[in-house]
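Enquirer:
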Amino acid sequence: MNLLSRGLFASASLASLAWPVAGRIFSEKLEIDENRSVWAASTPDYQPGPPLAGDTTADLAIIGGGFTGVSTAYHFSRRYPEKRVVLLEAASLANGASGRNGGMMLNWLPYDSPRNPALDALIYATTNAGIDTIEEIIRRHSLPVSYRRDGTLSVFTSPARAEYGHAKAEYQASIGAQVEFIDRAALAARFRLEGAQGAVLDRGSGQLNGCQYVRGLRPVLVEQGVAIYEQTPVLKVEEGRTISLTTPNGRVQTGAIVLATNGYTSKLGYFRDAIFPVVSHVIATAPLNPAQQLGWQEWAGFYDDMDRISYSSITSEGQVIFGGGSPIGWAYTFNNGTCFNGSQAETARVSASVERGLQRYAPDAQGVTIAQRWSGTLGLTLRRNILLGVRGEHHNVFYAVGFNGHGVTLTNVAGQILTDMYSGDDQMWRGLPFYQDSYTPIPPEPFRWAGYKIFSQLSGHLPRY
Ligand SMILES: Cc1cc2nc3c(=O)[nH]c(=O)nc-3n(C[C@H](O)[C@H](O)[C@H](O)COP(=O)(O)OP(=O)(O)OC[C@H]3O[C@@H](n4cnc5c(N)ncnc54)[C@H](O)[C@@H]3O)c2cc1C
Numbered sequence: 484m485n486l487l488s489r490g491l492f493a494s495a496s497l498a499s500l501a502w503p504v505a506g507r508i509f510s511e512k513l514e515i516d517e518n519r520s521v522w523a524a525s526t527p528d529y530q531p532g533p534p535l536a537g538d539t540t541a542d543l544a545i546i547g548g549g550f551t552g553v554s555t556a557y558h559f560s561r562r563y564p565e566k567r568v569v570l571l572e573a574a575s576l577a578n579g580a581s582g583r584n585g586g587m588m589l590n591w592l593p594y595d596s597p598r599n600p601a602l603d604a605l606i607y608a609t610t611n612a613g614i615d616t617i618e619e620i621i622r623r624h625s626l627p628v629s630y631r632r633d634g635t636l637s638v639f640t641s642p643a644r645a646e647y648g649h650a651k652a653e654y655q656a657s658i659g660a661q662v663e664f665i666d667r668a669a670l671a672a673r674f675r676l677e678g679a680q681g682a683v684l685d686r687g688s689g690q691l692n693g694c695q696y697v698r699g700l701r702p703v704l705v706e707q708g709v710a711i712y713e714q715t716p717v718l719k720v721e722e723g724r725t726i727s728l729t730t731p732n733g734r735v736q737t738g739a740i741v742l743a744t745n746g747y748t749s750k751l752g753y754f755r756d757a758i759f760p761v762v763s764h765v766i767a768t769a770p771l772n773p774a775q776q777l778g779w780q781e782w783a784g785f786y787d788d789m790d791r792i793s794y795s796s797i798t799s800e801g802q803v804i805f806g807g808g809s810p811i812g813w814a815y816t817f818n819n820g821t822c823f824n825g826s827q828a829e830t831a832r833v834s835a836s837v838e839r840g841l842q843r844y845a846p847d848a849q850g851v852t853i854a855q856r857w858s859g860t861l862g863l864t865l866r867r868n869i870l871l872g873v874r875g876e877h878h879n880v881f882y883a884v885g886f887n888g889h890g891v892t893l894t895n896v897a898g899q900i901l902t903d904m905y906s907g908d909d910q911m912w913r914g915l916p917f918y919q920d921s922y923t924p925i926p927p928e929p930f931r932w933a934g935y936k937i938f939s940q941l942s943g944h945l946p947r948y
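Just so we're aligned, residue 484 is where the sequence shown starts under this note's numbering, counting upward by one.
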């Protein structure tokens with residue numbers, strides 16, 4: 484951990500002492516905006532289903548209809564066909580990050596000190612099997628989902644960091660990962676990126692159209708007996724042996740719940756001191772020929788080594804997605820804002836900055852038409868660790884939240900873990916770093932907002948490694 488992070492954690496812990504007072508002053512409200520992503524544009528005929536009207540009961544009620552919610556509904560209803568599963572989504576399926584992301588379906592490639600090869604091999608194998616499961620589900624149900632699994636690049640933008648990347652790739656290959664280091668010259672010939680000094684190619688990763696996947700699963704879930712209510716925000720959770728959920732036009736009495744609300748979780752009163760929502764701004768070009776126009780001959784996409792990460796992937800129609808790329812490409816809004824409510828001028832400024840980010844890596848993208856511009860909400864934790872487990876006096880509040888920008892694969896594994904946890908048959912997941920983890924507390928407002936601003940100023944243009 485570097486000095487900056489140490490300072491951040493220490494001051495966050497100190498300012499967290501203000502929670503008992505500040506937590507009451509700054510109450511929160513759920514805000515959800517429309518999904519304007521390239522992925523949403525690829526499901527133009529999707530209509531959200533009707534809201535809950537009246538009261539109902541359930542054995543398990545899942546709050547949130549993104550990857551986490553849908554994967555839990557899928558695995559749980561297959562394991563327990565006799566149990567009643569209800570899924571409540573505030574807007575429409577895949578309206579959150581799952582339908583707005585950069586599309587990269589990544590493996591977790593650990594390289595922490597001290598090294599633990601046995602654990603690292605297990606972490607990698609778990610995420611790689613998670614991608615296998617996504618593919619298997621698409622095939623099993625003949626889902627109309629575009630995806631590719633021809634590899635993604637982790638790009639290094641200084642010679643020293645490329646050296647680090649090289650060593651990392653060698654270690655990861657030694658624990659069984661399908662990775663290799665691509666040096667600067669080979670990279671320039673196959674995936675031309677201005678300023679890139681080398682990259683690690685992970686052949687087992689790829690890209691997934693999240694809207695097609697999540698929305699494509701709706702009829703499958705219904706067939707498996709899941710009751711799905713879209714346009715149904717949960718307004719209140721009252722815990723007990725039977726949990727009561729209040730929605731605008733009806734209540735659910737349920738034996739257990741799953742919080743599958745990632746960046747929106749604090750709005751239900753949970754994990755207010757653990758997760759904070761950050762908005763990432765994204766663009767997608769009109770369809771192009773990336774090989775001819777940009778020199779991007781192969782592979783699904785890349786992400787870089789900066790703290791304010793740039794990420795990019797290519798859809799099957801040839802649209803280039805690009806997100807982040809500078810401190811302007813990411814935003815925290817006071818009091819855990821889950822939407823970007825910038826003025827027209829601010830939106831234009833942000834969008835221009837993201838476009839410049841793409842052009843920095845791909846100068847030939849200058850002048851290319853931008854077809855979509857959108858933003859999406861991630862759930863971040865201070866140590867960037869996932870929170871997955873069960874809590875509550877009656878041991879019936881399950882959660883999988885805080886996926887920190889790398890959730891496409893792990894949210895889909897989360898449904899399997901939560902189902903096993905519910906059944907008490909979860910030994911195989913114990914010991915993995917995304918299981919029942921603790922967290923470093925995040926301070927309340929106004930310290931949180933001020934802290935984000937200060938940290939952004941200090942770390943905004945620094946590398947991650
Ligand atoms: C712009 C962007 C780019 C990203 N790029 C990548 C990437 O390239 N690769 C990668 O691995 N990860 C990426 N991520 C992260 C990844 O998309 C997320 O980790 C993942 O989609 C989270 O899925 P989820 O189901 O947990 O949450 P979400 O998809 O956010 O779903 C939560 C759902 O809960 C609903 N909800 C919230 N509150 C309530 C309530 N009170 N009642 C009912 N419903 C509620 C919301 O409407 C939402 O639909 C990106 C994220 C963003 C935002």
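Using N, Cα and C, we set each Cβ at its ideal position, and we do this for glycine too. As the structure is a computational prediction, the values presented were derived from the model and not from experiment.
Given that a residue counts as buried once 16 or more other Cβ atoms are within 10 Å of its Cβ, and exposed if not, what is Ile811?
Expert: buried
Enquirer: Looking at the structure shown, is Thr555 part of a helix, part of a strand, or coil, going by DSSP?
Expert: helix
Enquirer: Between the segment 603 to 614 and the segment 884 to 893, are three or more C-beta pairs nearer than 8 Å?
Expert: yes
Enquirer: Please confirm if the segment 680 to 698 is in contact with the segment 644 to 659, defined as three or more CB-CB distances below 8 Å between the two stretches.
Expert: Proximity of the segment 680 to 698 to the segment 644 to 659 meets the contact definition, three or more beta-carbon pairs being nearer than 8 Å.
Enquirer: When the Cα atoms are used, what is the spatial distance from Tyr844 to Ser629?
Expert: 25 Å
Enquirer: Run the CB neighbour count on Arg701, radius 10 Å, all protein chains shown included, and call it buried at 16 or more, exposed below.
Expert: A residue is called buried once 16 or more other Cβ atoms fall within 10 Å of its Cβ, and Arg701 is buried on that count.
Enquirer: Report the option in Asp756, Leu863, Glu618 and Gly693 whose CA atom is closest to the CA atom of Gly585.
Expert: Gly693
Enquirer: Rounding to the nearest angstrom, what Cα-Cα distance links Ser976 and Tyr794 in this structure?
Expert: Within the shown structure, residues of the chain are numbered from 484 to 948, placing residue 976 beyond reach of any answer.
Enquirer: Under 7 Å: does the beta carbon of Leu771 sit that close to some heavy atom of ligand 1?
Expert: Proximity of the beta carbon of Leu771 to ligand 1 is not indicated: no heavy atom of the ligand is located closer than 7 Å.
Enquirer: For Ala769, does the count of other Cβ atoms within 10 angstroms reach 16, so buried, or fall short, so exposed?
Expert: Ala769 is classed as exposed because its beta carbon has fewer than 16 other beta carbons within 10 Å across all chains shown.
Enquirer: In chain order, which beta strand (DSSP E) runs of at least 3 residues are fully inside the segment 712 to 750?
Expert: 719 to 721, 726 to 730 and 733 to 742
Enquirer: Using CA coordinates, which residue listed in Ala767, Asp790, Trp912 and Ser906 is at the minimum distance from Arg839?
Expert: Residue Ala767 is the option with its Cα nearest to Arg839.
Enquirer: Pick helix, strand or coil for Val851, following the three-state DSSP scheme.
Expert: coil
Enquirer: Is DSSP giving Asp685 helix, strand or coil here?
Expert: DSSP places Asp685 in strand when its eight states are reduced to three.
Enquirer: Confirm, please, whether the CB-CB distance from Ile546 to Ala743 is below 8 Å.
Expert: Yes, Cβ-Cβ distance for Ala743 and Ile546 is below 8 Å.
Enquirer: What is the DSSP secondary structure of His878, counted as helix, strand or coil?
Expert: coil
Enquirer: Kindly indicate which three-state DSSP category Trp813 falls into: helix, strand or coil?
Expert: strand
Enquirer: Take every Cβ of the segment 783 to 790, pair it with every Cβ of the segment 637 to 646, and state whether three or more of those distances are shorter than 8 Å.
Expert: yes
Enquirer: Once the 5 residues before and after Tyr696 are set aside, which same chain residues still bring their CB inside 6 Å of it?
Expert: Val628
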